[in-house]
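A quick write-up on the structure given underneath.
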Amino acid sequence: MNSSWMKWMGVDLRHYSKQVELELQQIEQKSIRDYIQESENIASLHNQITACDAVLERMEQMLGAFQSDLSSISSEIRTLQEQSGAMNIRLRNRQAVRGKLGELVDGLVVPSALVTAILEAPVTEPRFLEQLQELDAKAAAVREQEARGTAACADVRGVLDRLRVKAVTKIREFILQKIYSFRKPMTNYQIPQTALLKYRFFYQFLLGNERATAKEIRDEYVETLSKIYLSYYRSYLGRLMKVQYEEVAEKDDLMGVEDTAKKGFFSKPSLRSRNTIFTLGTRGSVISPAELEAPILVPHTAQRGEQRYPFEALFRSQHYALLDNSCREYLFICEFFVVSGPAAHDLFHAVMGRTLSMTQKHLESYLVDCYDAIAVFLCIHIVLRFRNITAKRDVPALDRYWEQVLALLWPRFELILEMNVQSVRTTDPQRLGGLDTRPHYITRRYAEFSSALVSINQTIPNERTMQLLGQLQVRGHGRGPLPPGLKCGRALPAPVTRFFRSFFQVEVENFVLRVAAEFSSRKEQLVFLINNYDMMLGVLMVPEAPSPVALPRDLRFPLCPLPPRVLRSCWPCHALSSWSLAPCSECGRTGICRREGQLLPKLEIPLCLPQERAADDSKEVESFQQLLNARTQEFIEELLSPPFGGLVAFVKEAEALIERGQAERLRGEEARVTQLIRGFGSSWKSSVESLSQDVMRSFTNFRNGTSIIQGALTQLIQLYHRFHRVLSQPQLRALPARAELINIHHLMVELKKHKPNF
């Protein structure tokens, strides 16, 4: 193809090959000339390459030697590592042996400082205590090594035994000397106790090294302190009882016993009033926080000042001294004798048991002739508070004693209460002398006594009291005797004050009714009942400032400020302070409206009592309130009956006829109605004046008298308003006497003048 192409191009191949060959020869010649020109450089390069080869050969030889050396070094390092590990093991073994051996040697070797301190130093010096601790440690170490069979212990056993005997002897003499110092007269035994606590390790040393001596010291301490406490408290109790009030409650000082009952040929006149037995007064301060933990009474100081105290104050002083010393003694025993739990309780009772037993027997003998219920109840609350104090101080050793004391106080308290219940139950009103409508002294005693118990129990309500008084209430209903030894159990659901306020309620109510039955007239009976119920209710209710009562939008009558539960059961009354009539917001009619805004269809309970609040919403309060309301309403009707009885009878008859649809029969009553209108117009002022004076003379409580007057006048207004409604019937509308009717607005204004103000 090329030849064809070259032929086609017009080129001669021979000529072309010769030309190419010539060019190659020229290039070759040129290359030779260049090589000849660079021959020196090439020779120099060759020499350099040869020199480099020699250097590399030498380096190869050196690296080979290095590799050989490193191989030998690596084997040497492995050898050194093995040797180092073996040396470390030997070192650790030697150190372990050295430590154990050092401990053993240190525990067995007795230094000269220890010997000198134990033999020569007084036990009160700090170095004796330090070396005693060292001796205790060495003795423990020797006992441990002997148990392991260490032969070296035999070398030091004799020295340690002689030092131990010497230390025990010195410690025994020191502690016994301190214990004997308790026996010195007028000694404050708290000082040597505090000194012993500084050396409490002495007893620990005896406990670990000489138990017989430790037991001897403990027994000597128990014997000495038990006698000291017993002697101190026996003397203190004897001197303390000499400053008690000479006049105390006796078995005849009961709630239902009349003041003149204890008069006989050989009886001496009483220097006190029996009523004070049931009054708390300032006696309740003995359980206040300030008085409860006040310093104890000093009998000889009180005797010099001719001071006398009630039994509860003596009981508080005696038991506070017992509490304080017992707490201190228990803590000392636990700390010095290294005991706790049951062992601490046993040791404490070994020291204080005789004193506690003596105190308990003294209380038991006193309670046999004690008839002061308030004193016993205060003692119960003192014990309850002291029990809380011991619990806060973490001293449970007195818990059993407190329970034993309460087991003495509770039955006596129950017995005294039952005796008072029985005295009220068996009181014969005919033997009480002259009758008087004022509150009876037995009612007053009940009120004061109930108030005293409530006041005492409010601070720490006690479930035992709840159950006890609940049982007394059941007993009052005649459902069987009070179970003896009533045990504390689950608290009753009602608040405790309910049971206090129901205390004697049934018997007192029955007594009041029996006395009221002795009055000849019903009016005097009602006055007596109202005065006594008001007295009892005054204890159960706490006075409170009157508060405004919400009224309907257009109603201007002030509603009766009774407790809400009473308002739910009666119509609101209207005091005489405001007499403006306004249309009812519901019906638009003018008249005296009830809370729903409707006219009063008939006479209801229009009592207006001063606003009070119940201390608790109890059934007892409501019971007395209902009794007082019922008797007051009956008294108001009895009060209005003589002057306005005819008007009341006519209004009731007319309303009954209207209700039955027989209003036509009213036409025959025109003469009667005319007489009623003229009689009311001529006598209502004098009747109201006489009514007011009669009420204020009959009731000792002015507030109660004021309320009754307001209720009577309110009921009179309601009665007259109903009379107007009857006269507005078509059958009587044309009656000429209607013109003589007194305007109801004028009547209200006039009656307002008779409202008493206090």
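In the working numbering, the protein residues as written are 1 to 758.
All residues carry an ideal CB built from backbone N, CA and C; glycine is no exception.
Here the structure is a predicted model, which is why all the values come from computation and not from measurement.
Counterpart residues of residue i in DSSP-defined beta bridges
i, result
"Q244", "Y309"
Neighbourhood of residue i by C-beta, 7 Å cutoff - its chain only, sequence neighbours within 5 removed
i, result
"R234", "M358"
"F519", "L435, Q525 and F528"
"A654", "L666 and V726"
"V339", "I333 and L347"
"V168", "L206, N209, E210 and T213"
Contact check, residue i vs residue j, beta carbons under 8 Å
i, j, result
"M535", "A447", "yes"
"Q318", "L237", "yes"
"F413", "F386", "no"
"L759", "I118", "Because the chain in this structure spans residues 1 to 758, residue 759 falls outside the shown range and cannot be described."
"R445", "M748", "no"
"Y371", "I416", "yes"
"I530", "R631", "yes"
"I179", "Y221", "yes"
"F511", "V424", "yes"
"F650", "L676", "yes"
"P289", "Y245", "no"
"I456", "L384", "no"
"F201", "L129", "yes"
"V405", "Q360", "yes"
"Q718", "A663", "no"
"G646", "E740", "no"
"V508", "P429", "no"
"Y533", "L627", "yes"
Inter-residue Cα distance where the pair is residue i and residue j
i, j, result
"F337", "A391", "22 Å"
"K752", "R438", "28 Å"
"G661", "Q729", "12 Å"
"L363", "Q303", "22 Å"
"Q473", "Q505", "Caution applies to Q473, whose pLDDT of 44 falls short of 50 and renders its modelled position unreliable; the value that the coordinates give is listed next. Each residue's Cα considered, the two are about 7 Å apart."
"L367", "E306", "25 Å"
"R522", "L639", "11 Å"
"Y16", "I32", "25 Å"
"Y320", "Y199", "29 Å"
"I742", "I636", "22 Å"
"V351", "T282", "37 Å"
"F348", "L196", "17 Å"
"P295", "D324", "11 Å"
"R14", "I27", "20 Å"
"E223", "G353", "11 Å"
"R204", "V454", "The displayed chain sequence assigns Gln, not Arg, to residue 204. Spanning the two alpha carbons is a distance of roughly 53 Å."
"T194", "D161", "31 Å"
"C327", "D219", "20 Å"
"A137", "E335", "21 Å"
"N388", "P122", "44 Å"
"E40", "E21", "30 Å"
"L292", "W402", "16 Å"
"E669", "F702", "41 Å"
"S74", "M59", "22 Å"
"H721", "Q715", "10 Å"
"S68", "N93", "39 Å"
"E544", "K685", "Residue confidence is low: E544 scores 36 on pLDDT, short of 50, so the model does not pin down where it sits. No coordinate-derived value is stated."
"A96", "E125", "38 Å"
"Q29", "Q19", "16 Å"
Close Cβ partners of residue i (< 6 Å) along its chain, the five nearest in sequence each way excluded
i, result
"R239", "P299"
"T355", "Y229, L230 and Y233"
"E312", "V286, A375, L378 and C379"
"F449", "F278"
"R172", "T213"
Anticipated Cβ contact below 8 Å, residue i with residue j, distance rounded
i, j, result
"L537", "Q625", "6 Å"
"V110", "V165", "Not a contact, Cβ separation roughly 14 Å."
"R316", "I217", "36 Å between Cβ atoms; not a contact."
"P643", "S683", "7 Å"
"R431", "E258", "7 Å"
"L314", "M241", "7 Å"
"V648", "A737", "Not quite, the Cβ-Cβ distance comes to about 19 Å (not below 8 Å), so this is no contact."
"A343", "Y330", "Not a contact, Cβ separation roughly 12 Å."
"A452", "L322", "Contact flag wrong, Cβ pair sits at about 26 Å."
Neighbourhood of residue i by C-beta distance below 8 Å, restricted to the same chain and skipping five residues each side
i, result
"L297", "L240, V243, Y309, A313, L314 and S317"
Any chain B beta carbon closer than 8 Å to residue i
i, result
"E448", "Of the chains in the structure shown, none is chain B; there is only one protein chain."
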